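Sequential numbering of the sequence shown, starting at 1095, is according to this note's numbering.
Each residue gets a CB set at the ideal place from its N, CA and C atoms; glycine is no exception.
This structure is a prediction, so every number in the text was calculated from the model and none was measured.
Everything on this sheet refers to the single structure shown next.
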Amino acid sequence: MEEAIRVEARDGWRRLTLNRPDRMNALDEPAIEALLAALADAGADASCRALLITGAGRGFCAGADLSMVIPGTDLGELIDRAWNPLARALQALPMPTVCAVNGVAAGAGASLALGCDIVLAARSASFIQAFARIGLVPDCGGTHHLPRLIGEARARAVTLLADPIQAGQAEAWGLIWRAVDDAMLMEQAEALTARLAAGPTQAYRLARHAIAAAAGNTLDRQLEVERDAQRRAGATPDFVEGVRAFREKRPPRFTGRPA
1095 MEEAIRVEAR
1105 DGWRRLTLNR
1115 PDRMNALDEP
1125 AIEALLAALA
1135 DAGADASCRA
1145 LLITGAGRGF
1155 CAGADLSMVI
1165 PGTDLGELID
1175 RAWNPLARAL
1185 QALPMPTVCA
1195 VNGVAAGAGA
1205 SLALGCDIVL
1215 AARSASFIQA
1225 FARIGLVPDC
1235 GGTHHLPRLI
1245 GEARARAVTL
1255 LADPIQAGQA
1265 EAWGLIWRAV
1275 DDAMLMEQAE
1285 ALTARLAAGP
1295 TQAYRLARHA
1305 IAAAAGNTLD
1315 RQLEVERDAQ
1325 RRAGATPDFV
1335 EGVRAFREKR
1345 PPRFTGRPA
């Protein structure tokens, strides 16, 4: 029996593939546990400086396997046990994340994709907040990501109407970074991940955290966040290398090491 999450190590980065194609990569609790373990393992590996997440088969992720969502049970307890840890683990990773959405991303599957730093989608792919179709509300960070990415008006509409958003529309709205031709998706996603893996990992981490904090901060508070982040970035070997490379008119050779 194949593993629910397939992990492939590359040069400086890893590719995680949701691997339940017969279920459109819908996640049950064992699959979520396997994904959490894969994220933790990548985060603990100093040689892993970027992460690519995608799905096997014709879909990215159909969200929760409905065997998990049983009427009459405490769904809040399920959220605390499974989906909230997944959303937090993704945000806490010390390296940038890329998501290659190769097909439908529905429900928590859409939330999982939007929790990544950079999202590429095949033009045939779509995003759908399908929760209202079964009388539920978005989870796995969906209500956090949507209004920040596309504004409250669109977030309310896509949540309440539960209509699919095609990849091209998602790009136009700013829900994702880019829609690409289906045949080019993995090539572009892998090239982007490799590029990030060769970059200044600590600066990326600090910038990601600063951007995430911005929505809840005043300008004065955000200026303090930027100051503190810049102080830490300026103490890293990659800053020294970046300046040296600029002066020597050559590409920098970043290591991603902390100060």
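Integer Cβ distance of residue i from residue j, believed to fall under 8 Å
| i | j | result |
| --- | --- | --- |
| TRP1177 | ALA1204 | Their Cβ separation, rounded to whole angstroms, is 12 Å, which puts TRP1177 and ALA1204 out of contact at 8 Å. |
| THR1112 | CYS1155 | What sits at residue 1112 in the sequence shown is Leu, not Thr. At roughly 5 Å, the Cβ-Cβ gap stays under 8 Å, so LEU1112 and CYS1155 are in contact. |
| ALA1144 | ALA1291 | 4 Å |
| ALA1158 | ALA1120 | 6 Å |
| ALA1283 | THR1191 | Wrong, their Cβ atoms sit about 11 Å apart, outside the cutoff. |
| PRO1188 | GLY1137 | 6 Å |
| ALA1200 | ILE1222 | 5 Å |
| MET1280 | ALA1194 | 6 Å |
| GLY1235 | GLY1209 | 5 Å |
| ALA1224 | ALA1256 | 5 Å |
Bridge partners - residue i, DSSP secondary structure assignment
| i | result |
| --- | --- |
| ARG1100 | THR1111 |
| ALA1207 | For ALA1207, which the question treats as bridged, DSSP gives no partner whatsoever. |
| LEU1145 | ARG1108 and THR1191 |
| SER1220 | GLN1260 |
| ILE1212 | VAL1192 |
| GLY1153 | VAL1198 |
| LEU1121 | ALA1158 |
Environment of residue i [buried if 16+ CB atoms lie within 10 Å]
| i | result |
| --- | --- |
| PHE1333 | buried |
| ALA1125 | buried |
| PRO1165 | exposed |
| ASN1196 | buried |
| LEU1313 | exposed |
| ALA1251 | exposed |
| PRO1345 | exposed |
| MET1278 | exposed |
| ARG1315 | exposed |
| VAL1198 | buried |
| ASP1233 | buried |
| GLU1265 | buried |
| THR1330 | buried |
| ARG1114 | buried |
| ALA1274 | Before going on, a small fix: residue 1274 reads as Val here, not Ala. Per the 10 Å Cβ criterion, buried. |
| ILE1305 | exposed |
| ARG1341 | exposed |
| ASP1211 | buried |
| ILE1270 | buried |
| VAL1231 | exposed |
| ILE1099 | buried |
Proximity test, residue i beta-carbon vs the ligand ATP heavy atom, cut-off 7 Å
| i | result |
| --- | --- |
| PRO1352 | Within the structure as shown, the ligand ATP is missing, as the structure has no ligands at all. |
Interface flag, residue i vs chain C, CB-CB below 8 Å
| i | result |
| --- | --- |
| VAL1195 | Although the question refers to chain C, the structure presented lacks it and comprises just one protein chain. |
Can we say the segment 1257-1271 touches the segment 1212-1220, given the rule of at least three CB pairs closer than 8 Å?
These segments touch.
Along the chain, which unbroken stretches of the beta strand (DSSP E) at least 3 residues long are found entirely within the segment 1231-1310?
With a minimum length of 3 residues, the continuous beta strand (DSSP E) runs that stay inside the segment 1231-1310 are 1272-1274.
With contact counted as at least three CB pairs below 8 Å, one residue from each stretch, are the segment 1276-1296 and the segment 1097-1109 in contact?
Contact between the segment 1276-1296 and the segment 1097-1109 is established, with three or more Cβ pairs separated by less than 8 Å.
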